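These notes are about the structure you will find just below.
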Amino acid sequence: MQAVGSFVCHYCRKVKTDNTCVHAAKTCRAGHYKFCYTQLIAKGLSVVNVDRGCTMKCETVRYRKTGLEKYMLCCNTDRCNSHDIWVKE
Numbered sequence: 001m002q003a004v005g006s007f008v009c010h011y012c013r014k015v016k017t018d019n020t021c022v023h024a025a026k027t028c029r030a031g032h033y034k035f036c037y038t039q040l041i042a043k044g045l046s047v048v049n050v051d052r053g054c055t056m057k058c059e060t061v062r063y064r065k066t067g068l069e070k071y072m073l074c075c076n077t078d079r080c081n082s083h084d085i086w087v088k089e
């Protein structure tokens, strides 16, 4: 039984280009976290990593020294973070 105000998020440290998890997919309980997220880390036009999980903050950040950018797509319902960010040709 879920606690009131909590939801389940997909958890994956590395999402492949076919939108599946490299390792066994898991879930995390949002609980005291506020969002489920899909996060994209890019350098220029190249994708460095995509991952999913639970977080307290949803923010997009640019790291000037390294040229990396972190983009987060956030949501707050059960298993809502299955965003497919890969561009299909």
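The opening residue of the sequence shown carries number 1 in full-length UniProt numbering; numbering runs sequentially from there. For every residue, glycine included, the Cβ atom is placed at its ideal position computed from N, Cα and C. Just so it is clear, the structure is predicted and the values come from calculations on it, not from any experiment.
- The three-state secondary structure of tyrosine 33, taken from DSSP, is coil.
- Rounded to whole angstroms, the separation of the alpha carbons of leucine 68 and alanine 42 is 6 Å.
- Residues Cys12, Arg13, Lys14 of the same chain have their beta carbon placed closer than 8 Å to that of histidine 23, with the five preceding and five following residues left out of the count.
- Residue nearest to histidine 32 within the set Cys21, Lys57, Val48 is Lys57 (criterion: CA-CA distance).
- Following the DSSP letters along the chain, one finds asparagine 49 inside the beta strand (DSSP E) bounded by residues 46-55.
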